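Sequential numbering of the sequence shown, starting at 209, is according to the numbering used here. All C-beta atoms, glycine included, are put in the ideal place defined by N, C-alpha and C. Since the structure is predicted, the reported quantities are computational estimates derived from the model, not experimental observations. Okay, so here's the structure we're looking at.
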Amino acid sequence: MVKILHTADVHLGREFHSLRGKGKEYRKQLLQTFEHVLQLAVDENVFLVLIAGDLFDTNRVHGIIIGKVLSLFRKLEERNIRVCILPGGHDAYTEDSIYRFVRFPPNVTVLTTEQDHKTFDDLGLTVYGKAFDDKLVGESPLKGLSLIEESRFHVGMAHCSIRIEGRVEKDAMILDKDEIANSGLDYLALGHWHSFQDHSQGGTKAYYCGSPEPIYMDQKGAGSIAMVSIYGKGDIKVNPIWVGSKKFDKMTIDVGTVKSIGEVSEIIEAKADTNVILEVALEGLCNIDWDLDPEKIEDELGASFFNLRVLDKSHPKLEEVESKNFSEETVVGKFIRLMEEKIAGASDEKDKALYAEVLKLGFALLQGRSEIIE
Numbered sequence: 209m210v211k212i213l214h215t216a217d218v219h220l221g222r223e224f225h226s227l228r229g230k231g232k233e234y235r236k237q238l239l240q241t242f243e244h245v246l247q248l249a250v251d252e253n254v255f256l257v258l259i260a261g262d263l264f265d266t267n268r269v270h271g272i273i274i275g276k277v278l279s280l281f282r283k284l285e286e287r288n289i290r291v292c293i294l295p296g297g298h299d300a301y302t303e304d305s306i307y308r309f310v311r312f313p314p315n316v317t318v319l320t321t322e323q324d325h326k327t328f329d330d331l332g333l334t335v336y337g338k339a340f341d342d343k344l345v346g347e348s349p350l351k352g353l354s355l356i357e358e359s360r361f362h363v364g365m366a367h368c369s370i371r372i373e374g375r376v377e378k379d380a381m382i383l384d385k386d387e388i389a390n391s392g393l394d395y396l397a398l399g400h401w402h403s404f405q406d407h408s409q410g411g412t413k414a415y416y417c418g419s420p421e422p423i424y425m426d427q428k429g430a431g432s433i434a435m436v437s438i439y440g441k442g443d444i445k446v447n448p449i450w451v452g453s454k455k456f457d458k459m460t461i462d463v464g465t466v467k468s469i470g471e472v473s474e475i476i477e478a479k480a481d482t483n484v485i486l487e488v489a490l491e492g493l494c495n496i497d498w499d500l501d502p503e504k505i506e507d508e509l510g511a512s513f514f515n516l517r518v519l520d521k522s523h524p525k526l527e528e529v530e531s532k533n534f535s536e537e538t539v540v541g542k543f544i545r546l547m548e549e550k551i552a553g554a555s556d557e558k559d560k561a562l563y564a565e566v567l568k569l570g571f572a573l574l575q576g577r578s579e580i581i582e
């Protein structure tokens with residue numbers, strides 16, 4: 209049996225500006241989780257570690273991070289564990305690529321435009337991969353693939369999207385399903401999509417391993433690597449192993465359905481988890497006299513989460529936004545009167561509804577609540 213650990217999309221060095229004060233802590237967490245992943249390689253007695261793109265979030269990474277990564281790779285070298293790295297979209301193999309300047313230990317192979325495969329004779333296995341550079345936009349990562357006949361097993365790496373009609377049609381590198389089926393590969397280690405997914409076709413097992421930690425708010429299912437066991441031709445088992453320490457989550461609260469601001473806080477607090485990065489959107493129609501203060505809610509409940517962000521996208525109830533409540537000498541008062549005239553003179557219900565929405569949004573913006581258009 210040949211045992212392989214497949215990971216990708218680690219994004220070491222990412223800034224996480226949206227996490228504000230917790231960004232630096234989460235940046236450290238990515239490195240700690242990567243260390244945990246490589247320790248799994250030791251514990252599980254794997255022969256080979258595949259990193260299918262975006263080990264780094266940028267080609268400009270702090271020396272401390274690079275030093276730590278090299279140290280971790282040297283520990284694998286002591287156990288005779290080999291590593292193959294494929295540059296991705298964030299750490300692309302461009303002229304300023306980090307992979308052109310860092311000297312990796314002998315057990316590490318970086319697949320580049322100059323070296324697109326690596327054969328491990330003792331394993332009877334060859335790893336193939338086309339590194340992304342700024343000249344390959346829209347190209348298939350399997351284009352021109354030529355298998356080494358002397359190898360028993362053929363393992364590919366690709367940092368790309370899978371073409372799905374009507375959903376995914378373009379990307380920096382993109383792959384058709386029939387290319388996977390006709391590739392002749394035994395296993396294709398995919399990177400770029402951040403959740404564990406099976407895209408096997410024909411006789412080729414093809415998997416996205418997922419990112420070890422969540423990277424984007426809108427991508428659920430992250431936090432895994434793939435453990436690949438090759439028992440023989442056509443006999444390959446792929447299992448996800450969950451390694452992530454944090455989870456991104458989103459929720460929407462319709463403030464028009466709650467009785468008080470206190471109830472809003474209770475709904476949020478029910479999701480409390482110090483390993484959750486939570487984004488809450490307050491939407492719907494609220495009472496004009498409610499003091500919905502996102503920062504106050506964040507201060508009160510922030511300690512119950514790894515990071516909490518509250519966005520106020522609610523609108524005041526239209527019947528409460530009346531010109532009689534605002535002086536015509538003010539900007540707000542003039543705006544309300546102008547929109548009331550538009551609503552009264554609307555030729556049909558569609559235009560009337562449009563002007564009413566403009567009134568609600570405009571009123572909120574004039575009150576300093578720009579979150580409603582984020």
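Uninterrupted alpha helix (DSSP H) stretches inside the region 495-573 (no shorter than 4 residues): 502-509 and 539-552
Nearest CA to the CA of S522: which residue from W498, I544, F543 and F534? W498
Return the first residue and the last residue of the beta strand (DSSP E) that R290 is part of. R290 to L294
Run the CB neighbour count on V539, radius 10 Å, all protein chains shown included, and call it buried at 16 or more, exposed below. exposed
Quick one: measure Cβ to Cβ for G553 and H400, integer angstroms, because I've assumed they're closer than 8 Å. Not quite, the Cβ-Cβ distance comes to about 52 Å (not below 8 Å), so this is no contact.
Can we say the region 260-267 touches the region 361-376, given the rule of at least three CB pairs closer than 8 Å? yes
Do S512 and A480 have their beta-carbon atoms positioned less than 8 Å apart in this structure? yes
Go through the region 346-402 residue by residue and report every complete run of the alpha helix (DSSP H) that reaches 4 residues or more, in order. 385-389
Where do the N-terminal and C-terminal ends of the alpha helix (DSSP H) with G410 fall, by residue? G410 -> no alpha helix (DSSP H), and no H or E assigned at all.
Quick one, are the C-beta atoms of I444 and D394 less than 8 Å apart? yes
Which same chain residues, not among the five before or five after Q427, have their C-beta less than 7 Å away from its C-beta? H402 and S403
Tell me the start and end of each unbroken beta strand (DSSP E) in the region 421-508 that is at least 3 residues and wholly inside, in chain order. 432-440, 443-450, 455-462 and 481-491
What did DSSP end up calling L220 once you bin it into helix, strand or coil? strand
How is the beta strand (DSSP E) around K211 delimited, first residue to last? V210 to T215
Just tell me which of L398, Y416 and E322 has its CA closest to the CA of Q405. Y416
How far does the alpha helix (DSSP H) with A339 in it reach, from first residue to last? No alpha helix (DSSP H) contains A339, which DSSP labels as neither H nor E.
Report the three-state DSSP secondary structure of L333 (helix, strand or coil). strand
Quick one: what's got a C-beta closer than 8 Å to F534's C-beta in the same chain, skipping five residues either side? V540, G541 and I544
Best match in V518, K454 and P448 for proximity to E477 [C-alpha to C-alpha]: V518
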